[in-house]
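Residues are numbered in my numbering as their position in the sequence shown, beginning at 1, plus a constant of 2.
Cβ atoms here follow ideal geometry from the backbone N, Cα and C, with glycine treated the same way.
Note that the coordinates shown come from a computational prediction; the quantities given were computed from them, not determined experimentally.
First up is the structure itself, then whatever we jot down about it.
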Amino acid sequence: MDTPKPSTSSGANTTRRFEMLCIMMLTFGQLCIMTGYDSQSFILESVIHSIHEKEPERISPYAGYYGQAVCYLAYVTACFFSPSFLYATSAKTTLLISSICFTSFPLGFLFTNSYYYYFSSALNGIGFAFYYTGNGGYITSHSTRKTIESNVSLSWSLGCCCMIVGSIIMAIITAVTQAPEILETAANITIGGHGIERRFGGSEIYLLFSVFAAISSLAIFIFMLLPSQDVANCIESRDKQVSFTDGMKLMADTLVSSKMFKLAPTFLLTGIHTSFWLSVFPTTLTFNMHNSKLIYLPAIYGFGIGIGETIMGCIISTLSKRITDFGLKPTMLIGCVLTTVFCTVALLSTPYNATTTPSHEDPLLFQPSRVTVFLVAVIGGMSDCCLCSVRSVICALAMPKRRAQAFSVSKIYQSLGSCVIFFISPFLNLYHYVFGIPVLCFFACIFLFRQAGQTQVMERKLTQELEESEKRRIAKELEAMQQA
3 MDTPKPSTSS
13 GANTTRRFEM
23 LCIMMLTFGQ
33 LCIMTGYDSQ
43 SFILESVIHS
53 IHEKEPERIS
63 PYAGYYGQAV
73 CYLAYVTACF
83 FSPSFLYATS
93 AKTTLLISSI
103 CFTSFPLGFL
113 FTNSYYYYFS
123 SALNGIGFAF
133 YYTGNGGYIT
143 SHSTRKTIES
153 NVSLSWSLGC
163 CCMIVGSIIM
173 AIITAVTQAP
183 EILETAANIT
193 IGGHGIERRF
203 GGSEIYLLFS
213 VFAAISSLAI
223 FIFMLLPSQD
233 VANCIESRDK
243 QVSFTDGMKL
253 MADTLVSSKM
263 FKLAPTFLLT
273 GIHTSFWLSV
283 FPTTLTFNMH
293 NSKLIYLPAI
303 YGFGIGIGET
313 IMGCIISTLS
323 KRITDFGLKP
333 TMLIGCVLTT
343 VFCTVALLST
353 PYNATTTPSH
363 EDPLLFQPSR
373 VTVFLVAVIG
383 GMSDCCLCSV
393 RSVICALAMP
403 KRRAQAFSVS
413 KIYQSLGSCV
423 IFFISPFLNL
433 YHYVFGIPVL
443 CFFACIFLFR
453 QAGQTQVMER
463 KLTQELEESE
473 KRRIAKELEA
483 MQQA
């Protein structure tokens, strides 16, 4: 009686289930650390402004922007050595350290201090670099060439549900701590016929950042439980050990690579656009005095961003399975169009000077409402998901032998863009953002399309070489069998 052979499809299904388990655990960890970071970024400058109004000597009124600039400066610095640290340790260890760094930031708002604020901002930047390096390393060691695009977009979109969770938390805490006081103040106090800007009370700040710190700490335990074993046929094995010094040399070579120079506009676009939708634009919603009674706008905006990220991530994940290389040129084009639409709506609905100071000015066309803020947030979330998915996919494919370094170089350019924007943001008005970002979209598309085309040609050549090598191997085996 013949012994039944194990089913190949059954083995493939088991591998895919393990792959999905690893990706979902990674995604849930991202959700925990980003729930605090992304949600607090929507309100950070407004919260700092509220603290400064009560105690001017405690912290600068622009510390929200400057703190994020420090964060991204530390991010840039850490990106230079995070790939070497990844190779010297593991993706799991790198992710664990990042979660500890993220948790340190919201704790500072329980006892607001200028020195700790900037120190924890720098730690946050280091956590960013370690997280994204570890994230890229973990995904590539738990994905095959067929599943990388789907896994990247799925992980990113579901991880961005953190904004939905964060918006619900903000809405609940606002309703409990500040709603009655703010509505009464907005109804009774007017300045030139308009309300005052949205202000955050001490109890609201304390509760918000306490919850964000608690949720961030969950990521520490999740990353401790991540499976370490690679999936079969993964595109990047964790067994590939490189010394710290050799890793730094690889990083230097990648940094000056012509491929990275061609992709630099895409990475810069991602960083500058992130600064705009994550911090600058939501700040205008608070500083626009016409919105003084719309106290839930930050929560509505965060909810819309999360919905947009999730929807677009599912779209990219689904279409990547059906359309070859959908995660490259098509996704980039969609992302740039959506980014331009986002900037256009922001231009028409926002006072030009509300990026840095409370403003009584009227927008060009219409005042924002709950519905328009939600819709523009959905567009912003979808555009960000497209740009981030393209960045992750092109880094994984363009430099197959230096993926960790490519991820880090992309983050260096991205964080440089964000860092510069946040440092000069007190001197910029709305027009600088809404006209500059679409122009950068145009150039980023041109260079990304060129590099994506070259990458596809390279992959076809590699596939043909592998097929020919396999044919030669089979022919030799047949010849050996015939001779025997």
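Taking 7 angstroms as the cut-off, the Cβ atoms of G329 and S391 count as close. Counting of Cβ neighbours within 10 angstroms places M26 among the exposed residues, the total staying below 16. Counting C-beta atoms within 10 angstroms of its own C-beta, T142 has 16 or more neighbours from the protein chains shown and is therefore classed as buried.
R201 is classed as buried because its beta carbon has at least 16 other beta carbons within 10 Å across all chains shown. A distance below 6 angstroms between beta-carbons, with the five flanking residues on each side excluded, links I35 to the following residues of its chain, in chain order: S101, F104, S218, A221. If you check the CB distance, G38 and C73 do not come in under 7 angstroms.
Here the region 356-368 makes no contact with the region 131-142; the two share fewer than three CB pairs at distances below 8 angstroms. The region 334-352 and the region 380-389 touch, with three or more beta-carbon pairs separated by less than 8 angstroms.
With a beta-carbon spacing of about 5 angstroms, L350 and L366 fall inside the 8 angstroms limit used to define contacts. Contact between the region 447-454 and the region 317-324 is absent, with fewer than three C-beta pairs closer than 8 angstroms. In the three-state reduction of the DSSP assignment, S143 falls in the coil class. A distance below 7 angstroms between beta-carbons, with the five flanking residues on each side excluded, links V282 to the following residues of its chain, in chain order: T357, S427, Y435.
Looking only at A93, I325, M262, L98, the smallest Cα-Cα distance to D232 is reached by A93.
Of all alpha-carbon atoms in I476, W279, S294, I325, the one lying nearest the alpha-carbon of G304 is that of W279. The DSSP assignment places complete alpha helix (DSSP H) segments of no fewer than 4 residues inside the region 297-335 at 299-324, in order along the chain. Judged by their CB atoms, F445 and P267 are nearer to each other than the 7 angstroms cut-off.
The continuous alpha helix (DSSP H) containing Q70 extends over residues 65-90. By the criterion of a C-beta distance shorter than 6 angstroms, P440 is surrounded in its chain by T342, C345, once the five residues flanking it on both sides are discounted.
By the Cβ rule, the region 410-420 does not count as touching the region 308-315, because fewer than three pairs are nearer than 8 angstroms. Taking the Cα positions, M226 is about 10 angstroms away from G31. A direct Cα-Cα distance of roughly 20 angstroms separates S294 from L432. Shown here for S122: same chain residues with a beta carbon closer than 6 angstroms to its own, the five before and five after excluded, namely S106, F107, G110 in chain order.
Within the same chain, S100, C103, F104 come within 7 angstroms of G129 by CB-CB distance, once the 5 residues on both sides are set aside. Beta-bridge annotation (DSSP): S205 is not paired with any residue. Counted as a single uninterrupted DSSP element, the alpha helix (DSSP H) harbouring V378 occupies residues 372-400. N290 and K251 have their C-alpha atoms roughly 49 angstroms apart.
The continuous alpha helix (DSSP H) containing H275 extends over residues 260-277. Going by C-alpha positions, C443 is about 11 angstroms away from I274. In the DSSP assignment, N290 forms a beta bridge with S361. Per the coordinates, the alpha-carbon of G249 lies some 29 angstroms from the alpha-carbon of L33. Judged by DSSP in its simplified three-state form, R60 adopts coil rather than helix or strand.
In the DSSP assignment, L109 falls within the alpha helix (DSSP H) that extends over 93-109.
R474 and S412 have their C-alpha atoms spaced approximately 39 angstroms apart. Rounded to whole angstroms, the gap between the alpha carbons of T276 and F44 is 11 angstroms.
V422 and I170 have their C-alpha atoms spaced approximately 31 angstroms apart.
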